[in-house]
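Chains as they are written, first to last, in our numbering: chain P, 187 to 615; chain E, 187 to 615; chain B, 187 to 615; chain S, 187 to 615.
Since the structure comes first, as structure tokens, the remarks are kept for the end.
Protein chains: 4
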Amino acid sequence: MIQNDVADVKGLSSLQRAIQKFTRIRRTTERICEPLETEDYVPQPVVDVSPPKWHLSHTTWFFETFILAQHLPGYRPFHPRFGHLFNSYYNAAGDRVSRDQRGFMTRPTVREVMAYRRHVDEHVLGLEAHLPGEVLETVLSLLEIGCQHEQQHQELLVTDVKYILSCNVLRPVYHQPVLPRSEPVAARYLPVAEGIHPIGFTGDGFCFDNELAPHRVFLDSFAVRNTLVTNGEYLEFMQAGGYSDFRHWLSEGWATVNAEGWRAPLYWEEEDGQWFEWTLAGRRAVDLLAPVTHVSFFEAAAFAAWAGKRLLTEFEWETAARQFNPSASSRNSLDSWLLHPLPAAREPGTECGQLLGETWQWTNSAYLPYPGFRVAEGALGEYNGKFMMNQMVLRGSSCATPADHSRPTYRNFFPASARWQFTGIRLGS
Amino acid sequence: MIQNDVADVKGLSSLQRAIQKFTRIRRTTERICEPLETEDYVPQPVVDVSPPKWHLSHTTWFFETFILAQHLPGYRPFHPRFGHLFNSYYNAAGDRVSRDQRGFMTRPTVREVMAYRRHVDEHVLGLEAHLPGEVLETVLSLLEIGCQHEQQHQELLVTDVKYILSCNVLRPVYHQPVLPRSEPVAARYLPVAEGIHPIGFTGDGFCFDNELAPHRVFLDSFAVRNTLVTNGEYLEFMQAGGYSDFRHWLSEGWATVNAEGWRAPLYWEEEDGQWFEWTLAGRRAVDLLAPVTHVSFFEAAAFAAWAGKRLLTEFEWETAARQFNPSASSRNSLDSWLLHPLPAAREPGTECGQLLGETWQWTNSAYLPYPGFRVAEGALGEYNGKFMMNQMVLRGSSCATPADHSRPTYRNFFPASARWQFTGIRLGS
Amino acid sequence: MIQNDVADVKGLSSLQRAIQKFTRIRRTTERICEPLETEDYVPQPVVDVSPPKWHLSHTTWFFETFILAQHLPGYRPFHPRFGHLFNSYYNAAGDRVSRDQRGFMTRPTVREVMAYRRHVDEHVLGLEAHLPGEVLETVLSLLEIGCQHEQQHQELLVTDVKYILSCNVLRPVYHQPVLPRSEPVAARYLPVAEGIHPIGFTGDGFCFDNELAPHRVFLDSFAVRNTLVTNGEYLEFMQAGGYSDFRHWLSEGWATVNAEGWRAPLYWEEEDGQWFEWTLAGRRAVDLLAPVTHVSFFEAAAFAAWAGKRLLTEFEWETAARQFNPSASSRNSLDSWLLHPLPAAREPGTECGQLLGETWQWTNSAYLPYPGFRVAEGALGEYNGKFMMNQMVLRGSSCATPADHSRPTYRNFFPASARWQFTGIRLGS
Amino acid sequence: MIQNDVADVKGLSSLQRAIQKFTRIRRTTERICEPLETEDYVPQPVVDVSPPKWHLSHTTWFFETFILAQHLPGYRPFHPRFGHLFNSYYNAAGDRVSRDQRGFMTRPTVREVMAYRRHVDEHVLGLEAHLPGEVLETVLSLLEIGCQHEQQHQELLVTDVKYILSCNVLRPVYHQPVLPRSEPVAARYLPVAEGIHPIGFTGDGFCFDNELAPHRVFLDSFAVRNTLVTNGEYLEFMQAGGYSDFRHWLSEGWATVNAEGWRAPLYWEEEDGQWFEWTLAGRRAVDLLAPVTHVSFFEAAAFAAWAGKRLLTEFEWETAARQFNPSASSRNSLDSWLLHPLPAAREPGTECGQLLGETWQWTNSAYLPYPGFRVAEGALGEYNGKFMMNQMVLRGSSCATPADHSRPTYRNFFPASARWQFTGIRLGS
């Protein structure tokens with residue numbers, strides 16, 4: 187039915203290429219789950235952490251609701267209630283299960299969820315034969331958004347699995363990779379000159395609405411450190427009493443430290459004077475040369491204050507990233523992986539290392555709309571804009587980010603107290 | 187090794203008989219779980235409702251901790267951390283997992299839990315060959331307590347499974363029995379004369395410590411209704427505005443009604459003016475002749491006040507039960523079953539029907555020690571006495587009570603707001 | 187207008203006598219407040235503790251609502267909104283302010299509240315001239331209830347004032363009485379024989395509905411200690427690790443100890459190894475011979491368990507009190523007073539001492555209706571019955587109870603965790 | 187003792203001038219309290235609202251702690267515990283009372299607080315005679331900060347008094363001013379050109395640390411509305427279903443609307459289809475031409491979304507304010523006052539009106555440090571920086587702001603849900 191689609195050099199139409207990408211991404215999600223027991227798919231130990239079963243279903247629901255149900259002629263939903271069950275936050279897409287109840291949905295079972303995925307996957311494959319030509323562009327765009335959305339959930343899936351496994355007294359191991367040793371790299375501060383700089387996404391590929399519209403900012407000259415803060419440096423902060431001196435902390439951070447009893451990053455535990463951390467490979471002695479991770483914004487800011495430095499703004503980060511060419515930066519990714527602690531700076535030749543693929547980097551920028559930001563029409567308009575409140579921006583990407591899901595303009599965001607993501611610290615001055 | 191054990195007419199020693207009973211009860215627990223999916227074993231949707239996986243393990247832990255670990259020479263625990271994981275409330279038995287975290291323990295898996303059960307079961311079977319003779323009496327007594335304990339958990343397992351399944355929007359059905367029709371029985375009030383009456387367990391079989399010591403109470407003359415309150419009668423209360431008139435309610439009951447938004451028993455829902463209830467067999471129209479169940483003490487007391495009657499005390503209930511011979515009462519049980527709504531009074535010839543096997547019956551007695559009550563030594567001393575606060579006594583038994591686990595002196599107890607058990611109403615005056 | 191009222195030997199009619207009593211009690215309430223600053227009348231530091239301003243108003247509202255507004259021809263309420271403001275829990279008497287908001291009502295001011303009291307007092311005095319004869323009996327009964335109600339609030343006023351003053355870092359002193367020294371009395375257990383005993387109020391004077399109907403109970407023989415537990419004995423329990431050994435505690439008590447961080451009675455504080463207590467006379471060293479007070483039921487029960495004794499039931503207490511003639515018991519009262527710590531057993535000749543006038547004595551009886559208890563018609567029916575849930579009965583009276591407001595059948599009641607009343611421990615066995 | 191202080195044209199030294207200002211500001215604080223009853227000084231109905239007694243004491247404590255105790259030779263604190271009682275949030279200045287306990291401190295009394303004020307005032311007057319010359323500059327600076335601090339509390343005092351009085355069912359009136367009528371002004375959008383603009387305080391007078399360091403921003407061209415949004419416009423939003431359409435709201439705003447049941451600004455109430463608002467002058471019909479106030483950031487942002495406009499950033503606001511000369515803007519202030527609803531735009535000739543003196547104006551900027559911001563040394567370093575998290579910036583000033591306490595660079599900040607300040611809406615595009 188599609189006449190107007192253009193073949194590429196391999197003879198593939200744009201829809202065929204999109205479906206190939208779709209298939210690859212869908213398989214990756216399932217591969218992340220392979221080490222899990224059925225029981226691991228069920229619980230929601232804290233409200234931030236969704237059951238793996240839910241991630242598997244919700245990403246599928248996205249393709250069913252926004253593509254198949256609207257654009258594939260004659261499509262019948264896999265199950266009449268799944269729309270209700272797996273809607274996350276799209277008020278415009280109808281009723282939904284309260285977010286804190288996700289861990290009580292024992293049905294559909296994992297087996298049924300996998301059948302749901304196959305059902306939707308097959309119908310997406312069927313688009314090639316059955317899609318009306320006039321919606322091709324719309325569907326290509328929705329397929330891309332759906333793939334990006336699923337990649338976002340891949341990272342959440344990894345961090346949620348880590349959290350769920352950590353709740354078990356039995357401390358099950360997720361996988362057992364061979365680990366490169368971290369190598370020490372000398373920390374330096376690289377200067378960036380004062381000026382008007384471009385911010386935001388331009389170019390051809392995909393970006394989220396929150397990276398638009400491109401615009402200019404004026405920045406004073408600043409400096410960016412070439413490496414992330416290491417576990418060893420963070421331990422110095424701890425040993426210097428960092429967690430018990432209010433002067434380093436934001437008021438709300440200090441209240442959180444005391445209410446939660448924080449005295450180390452999430453997953454760290456002390457035994458006989460030595461520090462260990464819980465990783466996807468089980469408990470390991472803390473690697474002092476690896477980048478510190480699982481720290482909140484509050485901890486990142488307190489560390490910076492203690493160190494006499496500061497966090498960069500997201501505009502400074504993006505400007506530095508453009509200047510120091512992150513594509514040459516050492517890279518891990520979900521696809522190369524899957525383990526923390528991570529090797530530090532494996533390519534010490536890079537000028538400004540670890541921009542991508544190690545840990546997300548807290549910036550001292552609140553998550554707010556760019557000048558000229560416009561909310562999309564319809565349910566997809568709820569994607570980003572409505573969360574622009576009481577969250578801090580993170581830049582870069584982490585070891586759990588899919589390889590083709592990071593770029594210098596990407597804006598990640600979490601509340602200042604969040605620690606269960608792979609979040610770390612880059613200093614500036 | 188055991189010399190002093192006495193054979194019965196079938197040539198079985200008392201230990202052999204105890205192990206036969208043990209085996210039968212263990213199998214029943216597992217049979218209750220047969221209709222479940224693996225995922226259903228995991229969650230704890232409210233703190234009162236434990237995961238089926240937890241019931242399966244905790245009952246097993248009881249046998250391992252109090253019998254095998256202490257009395258079977260050379261016994262090695264199945265897993266070094268299970269003692270920590272499956273201790274429920276025995277402070278004397280060591281550290282334990284916080285009660286509200288049970289739904290986050292994905293490991294051990296159901297498969298591992300079943301292996302744990304088999305391991306313990308096999309070693310209990312091995313007691314016959316390996317038990318030192320001098321601990322026979324102790325072990326016989328502990329086996330009996332362990333079996334009674336597991337039977338208590340069987341009833342909880344049924345009610346927890348019902349609750350867990352009800353949390354699913356998909357409303358899965360547990361089983362599909364053929365249901366006898368309820369028949370109407372005329373309600374009458376049977377007189378019991380003033381006097382000094384015996385209370386508490388005497389005789390040879392097992393009883394819990396809270397049924398001891400036997401003693402006497404003086405009772406004024408009173409009357410007991412021959413049938414339980416039916417759904418139809420309860421519906422009249424509802425339609426007369428029972429849930430919106432504070433005058434029928436205890437102060438704390440009225441606060442609960444408003445805080446929880448109660449306007450019908452748990453699991454009831456109205457659709458187009460008709461009332462349905464969620465049962466283990468799925469959603470059914472309310473059977474007006476069946477006994478009302480899933481009502482709290484607050485609702486039972488409010489109903490009684492509205493009806494111009496009252497609830498019996500536990501002493502009146504026990505005295506009436508002795509007088510009206512409950513063994514001739516119509517009987518359901520976990521073993522005959524497993525369904526609600528239940529048929530009402532199938533043997534209308536009985537003088538005072540439905541004493542056992544339909545619903546637990548709220549009494550207007552607080553759960554307090556009998557005169558002369560003594561707490562047992564050691565960890566088992568924590569079994570009952572320490573819960574004697576802010577709970578009301580229920581008498582009788584329900585459709586989910588194992589057949590040999592009910593007797594007229596049995597004291598069940600729950601907070602006045604509990605509704606997820608099969609709890610109903612018997613009136614007195 | 188009243189023709190049928192009978193004069194006594196002093197020539198006073200029954201209404202004149204009732205009004206004399208009313209006047210005396212109203213003045214006592216105000217005398218309790220004399221040491222307060224205006225600011226002390228305002229706050230509600232915990233929900234149990236009402237502002238003094240509220241006690242002054244609410245007791246006045248009772249007379250206005252149930253007597254003046256209904257029976258004094260032409261009476262106009264002092265203020266149209268006070269009915270709403272000062273209704274406590276009488277749903278039948280109309281709308282009311284949420285209980286936890288009482289501390290935010292800065293208006294009416296203390297001055298206005300006192301004017302309200304005078305207004306109502308004057309109109310009550312005017313009853314003599316203006317009351318229609320046919321309601322005399324009704325009004326006499328309501329005056330008596332109103333006076334008893336105000337006396338109940340006098341005791342609450344004292345304990346609430348103590349709590350409010352204790353919240354001040356500046357620790358203001360309420361009064362400075364001269365204290366008799368406590369004298370040691372040898373503890374003995376006095377036997378009471380098995381039998382059927384009468385329970386409940388009979389005779390001519392006033393009693394609350396919860397003391398009715400009189401009835402019989404059968405009691406096994408028991409023994410009652412002749413003295414209350416002293417601070418010195420309680421300190422032994424503390425020093426023996428009483429607060430850190432779960433075995434002495436009810437499950438809910440143990441949870442409360444840990445949640446609240448209890449390690450001594452309310453108002454006790456340790457300094458350099460010595461224990462002090464905050465009293466209405468300021469901070470004092472704990473008097474080891476005085477009865478312990480400000481302990482919860484949980485602490486009373488734990489102490490008894492540790493001591494190898496038990497608490498009496500309310501039926502045992504009442505039977506012992508009848509047998510040992512409490513009127514000969516040493517007596518303090520609100521009228522003789524106003525201080526804690528209190529002198530112990532000043533009349534050691536008494537057989538069973540300290541039954542009244544020292545501390546309320548926790549019993550191991552839940553607060554439940556007597557057989558034959560009937561709720562009164564109308565709003566006053568809400569007085570007692572609806573609170574018969576999750577409260578424990580206390581018997582006796584305390585140093586803050588008005589002299590003519592205690593009797594052996596009196597049933598006081600509080601939740602098992604309450605500590606801000608003058609509550610202590612009498613042991614039995 | 188001071189030799190080096192310079193006299194002005196009136197012959198006053200800089201210290202004399204500072205003390206004159208101090209005296210004037212201290213009197214204003216007390217004048218704000220004149221209409222209050224003693225009881226009104228006590229409560230803290232929500233944690234944000236401090237007792238007037240606390241404001242009076244805390245501002246005094248500031249002068250005592252940072253000036254008298256440190257720089258006046260031989261100064262003895264008025265009371266040894268007041269340092270503890272009236273420290274608000276300066277961890278560096280020692281221990282303090284938990285913020286949510288302020289309403290339970292009945293002592294010191296209002297009278298004692300006033301004596302405390304007089305004591306401190308007299309010693310500040312005494313500085314002239316006794317201050318060592320070498321600390322003159324330090325003390326001048328601290329006096330200025332203390333005065334600015336007290337002026338901030340004056341505005342809080344007004345809004346807290348309004349809230350406290352509103353909690354009274356009796357609805358007491360604070361004052362009864364004669365009100366000018368609001369006049370309609372045509373709304374226009376005034377253009378501001380693209381460019382690099384200066385931000386932050388420069389010049390001679392006082393500013394807070396958060397207004398420093400001055401720096402540059404690049405702004406695209408934008409437009410600013412010449413008037414604030416009126417009650418009438420906001421009512422249109424309400425009547426168009428603004429509070430029930432999630433599409434206008436931030437996710438957290440929508441959750442707040444539903445959790446709090448918001449359907450109008452704070453203090454508005456509907457009666458028979460007409461809207462009234464509670465003001466310091468009592469209940470009034472809503473003035474449709476006056477600026478809407480007591481709206482949260484969430485409501486401001488939802489209104490803007492509904493209107494197809496947006497809120498300005500704080501940088502746009504400041505740039506517009508510079509361009510349109512706010513000193514010519516119509517002005518109310520705490521000093522001219524004290525009432526809401528306020529007359530709108532009394533000087534319609536002004537180009538961009540109501541920048542100051544009507545309502546604070548929510549901006550779409552998070553409260554974050556300026557580039558180059560440095561935290562001060564010592565306890566005063568806790569003044570602003572540590573609150574730079576999860577708060578939104580407000581610009582302008584309100585009718586409750588002291589006349590000399592507003593300027594175009596002033597950065598006020600509150601959480602996005604705060605409504606009890608005089609906060610309103612200015613639109614941009």
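Note that the Cβ used here is the ideal one computed from N, Cα and C, for glycine as well.
Whole-angstrom distance between residue j and residue i, CA atom to CA atom
| i | j | result |
| --- | --- | --- |
| residue 363 of chain P | residue 467 of chain P | 7 Å |
| residue 501 of chain S | residue 602 of chain E | 59 Å |
| residue 195 of chain E | residue 203 of chain E | 11 Å |
| residue 162 of chain S | residue 352 of chain S | No answer is possible for residue 162 of chain S: it lies beyond the span of chain S, which begins at 187 and ends at 615. |
| residue 463 of chain B | residue 481 of chain S | 48 Å |
| residue 360 of chain B | residue 472 of chain B | 18 Å |
| residue 253 of chain S | residue 317 of chain S | 10 Å |
| residue 381 of chain B | residue 384 of chain E | 14 Å |
| residue 623 of chain P | residue 583 of chain P | Residue 623 of chain P lies beyond the residue range present for chain P, which begins at 187 and ends at 615; the question has no answer from this structure. |
| residue 597 of chain P | residue 580 of chain P | 6 Å |
| residue 414 of chain S | residue 573 of chain P | 26 Å |
| residue 550 of chain P | residue 429 of chain P | 20 Å |
| residue 619 of chain S | residue 496 of chain S | A question about residue 619 of chain S goes unanswered here, because the residues of chain S that appear run from 187 up to 615. |
| residue 358 of chain S | residue 293 of chain B | 8 Å |
Local Cβ density within 10 Å of residue i, reported as buried at 16 or more and exposed below that
| i | result |
| --- | --- |
| residue 348 of chain P | buried |
| residue 412 of chain S | buried |
CB contact flag (residue i, residue j, <8 Å)
| i | j | result |
| --- | --- | --- |
| residue 229 of chain S | residue 319 of chain S | no |
| residue 333 of chain B | residue 208 of chain B | yes |
| residue 368 of chain B | residue 475 of chain B | yes |
| residue 606 of chain S | residue 547 of chain S | no |
| residue 575 of chain E | residue 438 of chain B | yes |
| residue 215 of chain B | residue 387 of chain B | no |
Residue from the options whose Cα sits closest to the Cα of residue i
| i | options | result |
| --- | --- | --- |
| residue 518 of chain S | S:294, S:585 and S:596 | S:585 |
| residue 623 of chain E | E:552, E:563, E:224 and E:520 | A question about residue 623 of chain E goes unanswered here, because the residues of chain E that appear run from 187 up to 615. |
| residue 555 of chain E | E:241, E:489, E:417 and E:401 | E:401 |
Check your understanding: Which ranges would you report for the beta strand (DSSP E) in the stretch 397-441 of chain E if only whole runs of at least 3 residues count?
Key -> Entirely contained in the stretch 397-441 of chain E, the beta strand (DSSP E) runs reaching 3 residues are, in chain order, 401-405 and 408-411.
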